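S.K.: Numbering (our numbering), first residue to last: 2 to 341.
Ideal Cβ positions, reconstructed from N, Cα and C, are used throughout, including at glycine.
Please read all numbers here as calculations on a predicted model, not as lab measurements.
Would you mind keeping the following structure in view while I ask a few things?
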């Protein structure tokens, strides 16, 4: 009788996890759904283990990307095809899980490897199995590889903010390009630019930034080890760049930190950046191409605060406050100096 109960319990867990995978992939997934999902994960350690194991199976079927894009958003024209594939892939995954039987239960305790990805113009917030959370900005891809010894994140492209749960037995390591950031119980933002430069901003605690092949020890707040030459310790309210070598650590006032991380609220904030810098940043959130046709406009200093997906607000600001002539040409926006 006890054996029957264990099988039934396992199937119930897998059914619930499967339902959550399907729900999070749905086109109409809501914030309320995500809150309920987070509550379900927190109720029982097995909930998270089952969910991650089943999602790992999807990854092996080359279907995980579909789930992630369903959460993070994707182009409308892909919706019909994705919906058609959804039932096929989920049915395949369900059959596989039933076929492997007890082997799937063993997989629940395997190391966790997951990918999360956002499309252009979308953000995504995810909870990791250790209790840490990650906010992904537009066009971002990370891999999560948790073992008994280390919590390893790879920022393949884009930008992410990490709120790290304390676990002194396992370092939390974020690698991007050929640099790494180590932390224990802290909050920080990592941006891997198009030129492969890494920008690290710390919003709480301390992190260590160094080359990927350097060993700098445990990132604790007490008795921190001596750092190698190409390394920096970055504290709350500080910022550093890494591009083959660690730059100087710079102090960053709280308003500037908030402005840099406004994307977490779906906003963009500028305070005197050049028009060239502004359109480069806005270009990360849209497939529309900005062209500055008048070279004299490149150094025009711009300030403003608007939603990252609201190009109309930006173009109206340029037209009304900065005297820029804005012309639309299909998927291009051409910026010119307005005639006197």
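Would residue 237 and residue 203 be called neighbours here (beta carbons separated by less than 9 Å)?
M.R.: In contact: residue 237 and residue 203 (Cβ atoms closer than 9 Å).
S.K.: Starting from the Cα of residue 163, find the closest Cα among 147, 128, 178, 179 and give me that residue.
M.R.: Residue 163 has its Cα closest to that of 128, out of 147, 128, 178, 179.
S.K.: Should residue 136 be labelled buried (16 or more other beta-carbon atoms within 10 Å of its own) or exposed?
M.R.: With 16 or more Cβ atoms within 10 Å of its Cβ, residue 136 is classed as buried.
S.K.: DSSP three-state call for residue 184: helix, strand or coil?
M.R.: It is a strand residue.
S.K.: Classify residue 224 as buried or exposed, calling it buried when 16 or more other Cβ atoms lie within 10 Å of its own Cβ.
M.R.: In this predicted model, residue 224 has a pLDDT of only 40, less than 50, meaning its place in the structure is not dependable; the value taken from the coordinates is given anyway. Exposed.
S.K.: Give the straight-line distance between the Cα atoms of residue 244 and residue 278, rounded to the nearest whole angstrom.
M.R.: C-alpha separation (whole angstroms): 19 Å.
S.K.: Which residue wins for smallest C-alpha separation from residue 331, given the options 242, 289, 319?
M.R.: Selected option, being the one with the closest Cα: 289.
S.K.: Going by CA-CA distance only, name the one from 36, 152, 48 that's closest to residue 17.
M.R.: Cα-wise, what sits closest to residue 17 is 48.
S.K.: Figure out for me which residue from 50, 312, 259, 324 has the closest Cα to the Cα of residue 333.
M.R.: The residue with the shortest Cα to Cα distance from residue 333 is 312.
S.K.: Got a sec? Which residues, its chain only, sit under 6 Å from residue 42 by beta carbon, not counting five neighbours each side?
M.R.: Closer than 6 Å at the Cβ level, and outside the excluded window around residue 42, lie 48, 49.
S.K.: Using alpha carbons as the reference points, say which of 133, 143, 305 lies closest to residue 166.
M.R.: Residue 166 has its Cα closest to that of 133, out of 133, 143, 305.
S.K.: Give every residue of the same chain whose Cβ lies closer than 6 Å to the Cβ of residue 144, excluding the five residues on either side of it in the sequence, and list them in chain order.
M.R.: 116, 155.
S.K.: So what's residue 333 in DSSP terms, helix, strand or just coil?
M.R.: In the structure shown, residue 333 sits in a strand (DSSP, three-state: E or B).
S.K.: Between residue 310 and residue 262, how many whole angstroms is the CB-CB distance? I'm expecting something under 8 Å.
M.R.: At roughly 17 Å, the Cβ-Cβ gap does not stay under 8 Å, so residue 310 and residue 262 are not in contact.
S.K.: Can you check which of these residues, 240, 257, 322, is closest to residue 251 by C-alpha distance?
M.R.: With distances taken between Cα atoms, residue 251 lies closest to 240.
S.K.: In whole angstroms, give me the CA-to-CA distance for residue 260 and residue 295.
M.R.: Taking the straight line joining both Cα atoms gives about 28 Å.
S.K.: Quickly, what does DSSP pair residue 162 with across the bridge? List them, please.
M.R.: 136, 190.
S.K.: Check the DSSP bridge columns for residue 239 and list the partner residues they point to.
M.R.: Bridge partners of residue 239: 252.
S.K.: Could you give the C-beta distance for residue 122 and residue 287, rounded to a whole number, given that I count them as a contact under 8 Å?
M.R.: Rounded, the Cβ-Cβ distance is 6 Å, consistent with contact.
S.K.: Helix, strand or coil: how does DSSP classify residue 49 here?
M.R.: Helix.
S.K.: Do residue 172 and residue 184 count as a contact pair if the criterion is CB distance below 9 Å?
M.R.: Cβ atoms of residue 184 and residue 172: closer than 9 Å.
S.K.: Cβ atoms of residue 285 and residue 139: under 9 Å apart, would you say?
M.R.: Yes, Cβ-Cβ distance for residue 139 and residue 285 is below 9 Å.
S.K.: Apply the 10 Å Cβ neighbour rule to residue 44 and answer buried if 16 or more other Cβ atoms are within range, or exposed otherwise.
M.R.: The residue in question, residue 44, is exposed, as its Cβ has fewer than 16 Cβ neighbours within 10 Å.
S.K.: In this structure, does DSSP put residue 128 in helix, strand or coil?
M.R.: It is a strand residue.
S.K.: Quick check for students: name the residue ranges of the beta strand (DSSP E) that lie wholly in the segment 251-286, counting only runs of 3 or more.
M.R.: List check, beta strand (DSSP E) in window: 268-275.
S.K.: Could you pull the start and end residues of the beta strand (DSSP E) that residue 141 belongs to?
M.R.: Where residue 141 is concerned, there is no enclosing beta strand (DSSP E), given that its DSSP letter is neither H nor E.
S.K.: Check each candidate in 303, 176, 320 and name the one with the smallest Cα separation from residue 209.
M.R.: Here the closest residue by C-alpha is 176.
S.K.: Rounded to whole angstroms, what is the Cα-Cα separation between residue 192 and residue 201?
M.R.: In a straight line, the C-alpha of residue 192 is about 7 Å away from that of residue 201.
S.K.: List the DSSP bridge partners of residue 176.
M.R.: DSSP output for residue 176 lists 155, 181 as bridge partner(s).
S.K.: For residue 203, list the residues DSSP reports as bridge partners.
M.R.: Looking at the DSSP assignment, residue 203 forms a beta bridge with 189.
S.K.: Going straight from the alpha carbon of residue 124 to that of residue 268, what length do you get?
M.R.: For residue 124 and residue 268, the distance between alpha carbons rounds to 11 Å.
S.K.: Is DSSP giving residue 338 helix, strand or coil here?
M.R.: Strand at residue 338.
S.K.: Output needed for residue 258: all residues of its chain with C-beta closer than 7 Å, excluding positions within five of it in sequence on either side, in chain order.
M.R.: 202, 204, 238.
S.K.: Note down the Cα distance separating residue 1 from residue 151, rounded to an integer number of angstroms.
M.R.: Residue numbering for the chain in the displayed model covers 2 to 341; residue 1 lies beyond these limits and cannot be assessed.
S.K.: When you compare each of 340, 271, 281 to residue 318 by their alpha carbons, which one comes out closest?
M.R.: Ranking the options by Cα distance to residue 318, first place goes to 271.
S.K.: Straight-line CA distance for residue 292 to residue 314?
M.R.: In a straight line, the C-alpha of residue 292 is about 17 Å away from that of residue 314.
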